[in-house]
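If you're matching positions, the sequence shown starts at 0 in numbering that gives the first Met the number 0 and goes up one per residue.
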Amino acid sequence: MRNSFLRNQIAQVILFYRRFTRNFGAWLRGTLCFAIGCSFLILENSQSFDQRFHLREPKPIDPSILILNLSAQNWERITAGPR
């Protein structure tokens, strides 16, 4: 009984090993391509993004844009009325 269980386990390990080694090349290529692609994106994006801001000319300010800076106290004073 115990001997057949051990043989069954060994057979399952051998089958797993055969399946893994048959597809190992595909997994290795996929992992390698993924790692190279991620490293390229990280290195490319971090350097060129800042460089583009330094190279471009300052954009003209649009006069139709209004920026308000309200503190919490001013906001409470504005919205304190009846609703």
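Beta carbons: idealized from backbone N, C-alpha and C, even for Gly.
N- and C-terminal bounds of the alpha helix (DSSP H) containing residue i
{"i": "E75", "result": "71-78"}
Other residues of its chain near residue i: CB distance less than 8 Å, five sequence neighbours each side excluded
{"i": "W26", "result": "none"}
Next on the checklist: Just to confirm the assignment: which complete beta strand (DSSP E) runs, minimum length 3, are found wholly within the stretch 23-48?
Outcome noted: Entirely contained in the stretch 23-48, not one beta strand (DSSP E) run reaches 3 residues.
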